[in-house]
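Under the numbering used here, the first residue of the sequence shown is numbered 118, with each subsequent residue one higher.
Every residue, glycine too, gets a C-beta built ideally from N, C-alpha and C.
Notes to accompany the following structure.
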Amino acid sequence: MTLRPDNAAAKESTAADKFDDEDYPAYTMGRAAEMIGSTPGFLRSLDEAKLLTPQRSEGGHRRYSRYQLRLAARARELVDQGTPVPAAVRIIILEDQLAEAQRLNAEHRAQR
């Protein structure tokens, strides 16, 4: 499950915009695994668990965004603490939903 909608296809962006776009799929599987201190197999397991749905290059290779890497890094932390992958995925989904609810609540308060 990718927690945020994939809107990369809907956006026409310049090269400069891509540097700031945390949803832009800039990282290969190997680079992504290296960045979070994990293995490609761990990233595949998160894909299978439906936490991440990486975009694919024209050649079919997985590409990860900064947002997805943050989720994967959090999953790695939980798994390293002994949490099974399915439970880690559920925790991350709940954390993301809570953060979104808090953001909406703050936005609502600011409008009053």
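TODO: Please state whether DSSP places Y184 in a helix, a strand or coil.
DONE: Locating residue 184 in the sequence shown gives position 67, counting from the first residue. Of the three classes helix, strand and coil, the one that applies to Y184 here is helix, per DSSP.
Open item on the list: Quick check on this structure: which residue in A216, H225, Q172 and M152 has the alpha carbon closest to the alpha carbon of R193?
Closed with: Here residue 193 corresponds to residue number 76 of the sequence shown, with the count starting at 1. When only C-alpha atoms are compared, the closest one is M152.
Open item on the list: For a test of the three-state rule: what should DSSP assign to R229, helix, strand or coil?
Closed with: Position 112 of the sequence shown, counted from the start, is the residue given in the question as residue 229. In this structure, R229 counts as coil in the three-state DSSP scheme.
- [ ] Answer with buried or exposed for P171, where buried requires no fewer than 16 other C-beta atoms within 10 angstroms of its C-beta.
- [x] Looking up residue 171 in the sequence shown gives position 54. Per the 10 Å Cβ criterion, buried.
Open item on the list: Given this structure, state the Cα-to-Cα distance separating H225 from Q219, to the nearest angstrom.
Closed with: Sequence index remark: in the sequence shown, residue 225 carries index 108 (1-based). Sequence index remark: in the sequence shown, residue 219 carries index 102 (1-based). Cα-Cα distance, rounded: 10 Å.
Task: Proximity below 9 Å, CB of R180 to CB of R173 - done: Working through the sequence shown from its first residue, we reach residue 180 at position 63. Working through the sequence shown from its first residue, we reach residue 173 at position 56. In contact: R180 and R173 (Cβ atoms closer than 9 Å).
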